[in-house]
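Student: Got a structure for you, questions after.
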Amino acid sequence: MAAAVELEGVNVTFGDFVAVRDANLTIEPGEFFSFLGPSGCGKTTLLRTISGFIEPTRGQVKIGGQDMKGIGPNKRPTALIFQNLALFPMMTVAENIGYGLRVRGVPRHERDEKVKTLLIQVALSEHGHKKVSELSGGQKQRVAIARALAVEPSVLLLDEPLSALDLKLRQHMRAELRAIQKRVGITFIYITHDQGEALTMSDRIAVMNAGVIEQVGDGRAVYAEPRTPFVASFVGENNRIRGRVSAVEDGFATLDTPLGALKGRNPVALSVGQEALLFVRPEVLRLHANGGTSGFAGETLDVAYEGSVSHITLRVKTGQKVTASVGGGVPLPAAGEELHLGFTPEDGLLLALPEGHGR
Amino acid sequence: MNGSLAFIFGLPLAVVVLFFALSAYERRRGIATGPGFFQRNGLAVGLYLVLAVGFWAFFIILLPQLAMVDMSFRPKLPPAQMGGPKDLYTLENYRYFLFGSTTSTAEWNWLHIKAFFLTIGVSILITLINFAICYPLAFHMAQSASAARLRVLLLLLILPYWVNEILRAFAFRVLLSSGGIINQLLMGSGLTHEPIDFLGADVGLYMGLSYAYLLMMIFPLYNAIESLDRNQVEAARDLGAPWWHIHAFIVLPHAKPGIASGCTLVFMLTAGALAAPLVLGGPRTLWFTPIVYDRFYQAFNWPQGAAYAFILLVSCILFVLVVLKAFRLSLGEITR
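Chains as they are written, first to last, in my numbering: chain A, 479 to 837; chain B, 59 to 394.
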C-alpha cells in the first residue's frame, strides 16, 4: 500500500522568505500525524501545500503514491478543516455537510442518505435543518468534520481546529477527534502549536521550527528523546544550561558549566571540547538529593503550589532560574531558603548547540 | 387649502408611522436583529442622527416630492386662478399620459407609453450590463487584489468621475460620431467602408448610461464581497467545487444584499437619467425623462410634468420592491 502522503524535498518560498525548507516525510495510511511548532514555523504553509492551495517551489508532494503537481485542491483526495471552520452561513447544517456531494453531482436521495448517516455519526441528527449560527462551538466543529468526511477523502487535514474552543471542550474534542479517526480509519494530518494536543492525539509528531522539520517520532520520542535543542525546549518544560564537554564515556558526557561539572546522556555523540547544552526536565529534579547526583544549588525564589504538583523556582549563582516540579506530599521549602536540586545522569540530556548560536 | 395643508403634513407623519411599523414588524418576525439604534450610537449621537436625517428626509426630499404629487393632481391654471374655485383635484394629467388627451379616452398615447416602457426596459438592461461588468472587477478587488493594486484600481475608477457628467456624455458623442476616432479606426483598419452610426443605433446611449453609474454598482458589490471570509471560498474549492459553483452558491448568496443595493441604485438612477439621453439619445429613441423635462420647460405644463415624474417614480419603486421580494430580501438587508 502506498504511503498516504509523501513529501520529497519540499521547499516553499515567498519571495526571499523560506516558509518550508527541505521537508522529507512519509505519512502512513491510517496514521494520526501532527505537525507541532510555534506560529510562523511553516506548518500551515506545509498543510496548504499538501491540500493544493500552494504549489511547492521545489520538491514533490505525493498522495497515495501519486504526484500531485498541477492538481488543484478541488481535485485532490484531501479535505481540509479550517482554523475558523469556514462553514457556509447561508446553508443549513445538512446542506453544509452535503455540499461536497452536491458539487460532485451525487443524486439528491443518495446525498440525503449519506448526510443522514454522517449526522448520526457526529451526533447531530436532530440539528440537520438548523442554521449553522444556531449551533454551539463544539457542534460547529462536528459539522466541519462531517462536511469534510462527506467527500470521503483519503487524507483529512486539520488546521488547528480546536484553538477557538474553551479548555474543557478542547479536551473533550481531542478524545472525540481521536475516536472519529479510529472509526473512519483514514489518515489525519493535524496542525497545532499546542504540545498537549499533539502528544495526546497523535501516532507520530513532526516538530517544526523556522520552516524546518526538526524531528519526527511518536510522542514519547519527541518528549523523552529530543534530538535538537529546539525540540527539547518546545515540547514540554526544560531547564537548560550551556557549557563545554570535558569528558566522554560510554553514552554519557560531562559538561563544564558555570555551575560546576554536570553529567548527562550523550545521544548525539558530542566530543570533548565541543560546546553543548544540558537539558533537565523539571519533573526529574529531586529536592535535597544527596551525593552521587549532579545538581543545582541556589536560593528558592518562588514556590507555586498546585495541589498534585508544586513548582519550585530556584535562582542559581549565575542568576539563571531553574524550575523543579515535585509531587504532592513532599515538604516544600520556603522562599529564600538555600536549596539543592539533584538529578541522575540518566535524566540529563546533552545536545549540540545549534549552528549560528555560538558566541 | 386646509385640506392640502393636512395632506402635506399628514402624509409625512403617516410615512414615519409606516416606517416604524415596518421596522417593528421586521424586528418581531426576526428578519432584523442586533442591538437597537440608540444602544449602538449612544443617546446624543443617535438623537442628532434622527433629527438630521429626519430634517433632510422631510424638508429636502419628502416635502418637495409631496408638493409635486399634490400638483400632479391639479389642472394647469394661470397663477391668478391657483387656489381658486377651478383648482380642483383631477386625474386629467394621468389621463393625458395614457390617452394623449385630458378629456378623451378614445386612443392610447402610444408615443409616451412606449417611451416609458423603453426607459424601464433599457434601465433593466443597463443594470444587468453594469452588474456583469462590475462583478468580476469587484470580486477581484475584494478577494484577490494586493493592497497596492487595489489602490490603483480605486483611483482609476474614481478619477474619471471628476469630469462633469454632461462633458462625459459629449465626449462619448465625439468618440462615437461618424467622423469620430472609433469610426476612423474601423475604416482605417479596413474593417468597414462606411462609418457605423453608433449614435443612431443607441450604442452611445447605452455606453453613456452604463458608464455613468458604474461606481454605484461597484462599491456596494465590493463591500459585500469584501466581507466574505476567504476561507469559505477555499473550503468550497477544497470540497471539489468548480469556480462557477463557488460563485453561484457561495459568493453570490453572500453578496446578495450588496447586489440588491447596487442594482437598485443603478436602475433608479438610469431610469431617471437626463443628461445622457439628451446628449446621446438617437433620433429614433424617445426616452422618458426628456419627455418629463419637456412637460415642464417646453409645454410649461408643470402639473402634467409632475404627473409624469410621479408615474416614473412610483413604477420604479414598485418594480424594485417586487424584485426584492422575488429575491427574498428585506428592505433593511440592502442597507447592511
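Positions of the beta carbon are idealized from the N, C-alpha and C atoms, including for glycine.
Just so we're clear, the structure is a prediction, and the values are computed from it rather than from any experiment.
Are the C-beta atoms of Glu-292 (chain B) and some chain A residue less than 8 Å apart?
Tutor: For the purposes of this step, residue 292 (chain B) is taken as the residue at position 234 of the second sequence. Closer than 8 Å: yes.
Student: Measuring alpha carbon to alpha carbon, tell me which residue in A:Gly-773, A:Lys-618, A:Pro-811, A:Val-490 is nearest Lys-795 (chain A).
Tutor: Numbered from its first residue, the first sequence carries residue 795 (chain A) at position 317. The residue with the shortest Cα to Cα distance from Lys-795 (chain A) is A:Gly-773.
Student: Using a Cβ cut-off of 8 Å, pull out every chain B residue sitting near Arg-582 (chain A), in sequence order please.
Tutor: For the purposes of this step, residue 582 (chain A) is taken as residue 104 along the first sequence, with counting starting at 1. Chain B residues near Arg-582 (chain A): Gly-298.
Student: Are the beta-carbon atoms of Ala-676 (chain A) and Ser-512 (chain A) separated by less than 8 Å?
Tutor: Numbered from 1 along the first sequence, position 198 holds the residue referred to as residue 676 (chain A). Numbered from 1 along the first sequence, position 34 holds the residue referred to as residue 512 (chain A). Their beta carbons are under 8 Å apart, which means Ala-676 (chain A) touches Ser-512 (chain A) by this criterion.
Student: Under 8 Å between the Cβ atoms of Gly-714 (chain A) and Gly-826 (chain A)?
Tutor: Residue numbering aside, residue 714 (chain A) sits at position 236 when the first sequence is read from its first letter. Residue numbering aside, residue 826 (chain A) sits at position 348 when the first sequence is read from its first letter. Cβ distance not < 8 Å, so Gly-714 (chain A) and Gly-826 (chain A) don't count as in contact.
Student: Check the DSSP bridge columns for Arg-764 (chain A) and list the partner residues they point to.
Tutor: Within the first sequence, the letter at position 286 stands for residue 764 (chain A). Its beta-bridge partners are A:Gly-820.
Student: Any beta carbon of chain A sitting closer than 8 Å to that of Arg-295 (chain B)?
Tutor: As a working note, residue 295 (chain B) is residue 237 in the second sequence. With 8 Å as the cut-off, Arg-295 (chain B) counts as an interface residue toward chain A.
Student: Using CA coordinates, which residue listed in A:Phe-495, A:Gly-820, A:Phe-560, A:Lys-646 is at the minimum distance from His-295 (chain B)?
Tutor: Taking the second sequence and counting its residues from 1, the one referred to as residue 295 (chain B) is at position 237. A quick correction: the sequence has Arg, not His, at residue 295 (chain B). Among A:Phe-495, A:Gly-820, A:Phe-560, A:Lys-646, the Cα nearest to that of Arg-295 (chain B) belongs to A:Phe-560.
Student: Using the C-alpha atoms, what's the distance from Gly-797 (chain A) back to Ser-788 (chain A)?
Tutor: Within the first sequence, residue 788 (chain A) is the residue found at index 310, counting from 1. Within the first sequence, residue 797 (chain A) is the residue found at index 319, counting from 1. Cα-Cα distance, rounded: 22 Å.
Student: Using a Cβ-Cβ cut-off of less than 7 Å, give me the residues of the region 561–583 of chain A that come near chain B, in sequence order.
Tutor: Taking 7 Å as the Cβ-Cβ cut-off against chain B, the residues of the region 561–583 of chain A that qualify are Asn-562, Ala-564, Phe-566, Met-568, Tyr-577, Gly-578, Val-581, Arg-582.
Student: Mind the definition here: the region 643–653 of chain A touches the region 571–584 of chain A only if three or more C-beta pairs lie below 8 Å; say whether that holds.
Tutor: Output reads no: the region 571–584 of chain A does not touch the region 643–653 of chain A.
Student: Can you pull out the residues from the region 515–532 of chain A whose beta carbon lies closer than 7 Å to at least one beta carbon of chain B?
Tutor: Cβ contacts with chain B come from Ser-529, Phe-531.
Student: For Ala-196 (chain B) and Ser-319 (chain B), I'd like the C-alpha separation in whole angstroms.
Tutor: Position 138 of the second sequence, counting from 1, holds the residue named residue 196 (chain B). Position 261 of the second sequence, counting from 1, holds the residue named residue 319 (chain B). Cα to Cα, the separation comes out at about 14 Å.
Student: Tell me, which residues are paired with Gly-695 (chain A) by DSSP?
Tutor: Your numbering for residue 695 (chain A) matches position 217 in the first sequence. Its beta-bridge partners are A:Ile-683.
Student: Tell me whether Thr-250 (chain B) is buried or exposed, calling it buried when 16 or more other Cβ atoms sit within 10 Å of its Cβ.
Tutor: Within the second sequence, the letter at position 192 stands for residue 250 (chain B). Exposed, by the Cβ-count rule.
Student: Using a threshold of 8 Å, state whether the C-beta atoms of Gly-316 (chain B) and Leu-257 (chain B) are closer than that.
Tutor: Locating residue 316 (chain B) in the second sequence gives position 258, counting from the first residue. Locating residue 257 (chain B) in the second sequence gives position 199, counting from the first residue. In this structure, Leu-257 (chain B) does not lie closer than 8 Å to Gly-316 (chain B) by Cβ.
Student: Where Pro-760 (chain A) and Val-804 (chain A) are concerned, what is the direct C-alpha to C-alpha distance, given to the nearest angstrom?
Tutor: As a position in the first sequence, residue 760 (chain A) is number 282, starting the count at 1. As a position in the first sequence, residue 804 (chain A) is number 326, starting the count at 1. Going from the Cα of Pro-760 (chain A) to the Cα of Val-804 (chain A) covers about 8 Å.
Student: Under three-state DSSP, which class holds Gly-826 (chain A)?
Tutor: Indexing the first sequence from 1 puts residue 826 (chain A) at position 348. Of the three classes helix, strand and coil, the one that applies to Gly-826 (chain A) here is strand, per DSSP.
Student: Spell out whether any CB of chain B is found under 8 Å from the CB atom of Leu-831 (chain A).
Tutor: Reading the first sequence from its first residue, position 353 is the one you call residue 831 (chain A). No, no contact with chain B.
Student: Beta carbon of Ile-667 (chain A), beta carbon of Ile-549 (chain A): below 8 Å?
Tutor: Stepping through the first sequence from its first residue, residue 667 (chain A) is reached at position 189. Stepping through the first sequence from its first residue, residue 549 (chain A) is reached at position 71. No, the Cβ-Cβ distance between Ile-667 (chain A) and Ile-549 (chain A) is not below 8 Å.
Student: Any idea what DSSP makes of Thr-177 (chain B), helix, strand or coil?
Tutor: Position 119 of the second sequence, counted from the first residue, corresponds to residue 177 (chain B). Thr-177 (chain B): helix per DSSP, three-state reduction.
Student: To the nearest angstrom, how far is it from the Cα of Glu-292 (chain B) to the Cα of Leu-212 (chain B)?
Tutor: To locate residue 292 (chain B), count along the second sequence from 1; it is residue 234. To locate residue 212 (chain B), count along the second sequence from 1; it is residue 154. Rounded to whole angstroms, Glu-292 (chain B) to Leu-212 (chain B) spans 26 Å at the Cα level.
Student: Does the beta-carbon of Phe-277 (chain B) have 16 or more other beta-carbons within 10 angstroms, so that it is buried, or is it exposed?
Tutor: Counting from one through the second sequence, the residue named residue 277 (chain B) turns up at place 219. The residue is buried, with at least 16 neighbouring Cβ atoms inside 10 Å.
Student: Quick one: is Tyr-219 (chain B) buried, meaning 16 or more other Cβ sit within 10 Å of its Cβ, or exposed?
Tutor: Sequence index remark: in the second sequence, residue 219 (chain B) carries index 161 (1-based). Per the 10 Å Cβ criterion, exposed.
Student: Taking only beta-carbon atoms, is Pro-315 (chain B) less than 8 Å away from chain A?
Tutor: In the second sequence, counting from the first residue as 1, residue 315 (chain B) sits at position 257. No, no contact with chain A.
Student: Does Ala-557 (chain A) pass the burial test, meaning 16 or more other C-beta atoms within 10 Å, or should it be called exposed?
Tutor: Taking the first residue of the first sequence as position 1, residue 557 (chain A) is located at position 79. Classification for Ala-557 (chain A): buried.
Student: Does any CB atom of chain A fall closer than 8 Å to the CB of Ile-308 (chain B)?
Tutor: Locating residue 308 (chain B) in the second sequence gives position 250, where the first residue counts as 1. Judged by the 8 Å Cβ criterion, Ile-308 (chain B) is in contact with chain A.
Student: Which whole-angstrom value is the C-beta distance of Val-629 (chain A) and Gly-298 (chain B), which I expect to be below 8 Å?
Tutor: In the first sequence, residue 629 (chain A) corresponds to position 151, counting from 1. In the second sequence, residue 298 (chain B) corresponds to position 240, counting from 1. Yes, they are in contact, since the Cβ atoms of Val-629 (chain A) and Gly-298 (chain B) sit about 6 Å apart, within 8 Å.
Student: Measure the alpha-carbon distance for Gly-729 (chain A) versus Pro-534 (chain A) and round it to whole angstroms.
Tutor: Here the question's residue 729 (chain A) lines up with position 251 in the first sequence. Here the question's residue 534 (chain A) lines up with position 56 in the first sequence. C-alpha separation (whole angstroms): 40 Å.
Student: So, is His-312 (chain B) buried or exposed, given that buried needs 16 or more other C-beta atoms within 10 angstroms?
Tutor: Counted from its first residue, the second sequence places residue 312 (chain B) at position 254. Looking at its Cβ environment, which holds 16 or more other Cβ atoms inside 10 Å, His-312 (chain B) is buried.
Student: If you follow the beta strand (DSSP E) that Asp-500 (chain A) is part of, which residue opens it and which one closes it?
Tutor: Counting from one through the first sequence, the residue named residue 500 (chain A) turns up at place 22. Its beta strand (DSSP E) spans residues 495–505.
Student: May I ask which residues mark the beginning and end of the alpha helix (DSSP H) holding Gln-139 (chain B)?
Tutor: By 1-based counting over the second sequence, the position of residue 139 (chain B) is 81. No alpha helix (DSSP H) holds Gln-139 (chain B); DSSP gives it neither H nor E.
Student: Who are the Cβ neighbours of Thr-328 (chain B) in its own chain at under 7 Å, not counting the five residues just before and after it?
Tutor: One-based indexing of the second sequence puts residue 328 (chain B) at position 270. If we look at Thr-328 (chain B) and ignore the five residues flanking it on each side, its Cβ neighbours are Ser-181, Ile-184, Thr-185, Leu-267, Tyr-271.
Student: Figure out for me which residue from A:Val-781, A:Ala-747, A:Arg-536, A:Asn-489 has the closest Cα to the Cα of Lys-521 (chain A).
Tutor: Looking up residue 521 (chain A) in the first sequence gives position 43. It is A:Asn-489 whose Cα lies nearest to the Cα of Lys-521 (chain A).
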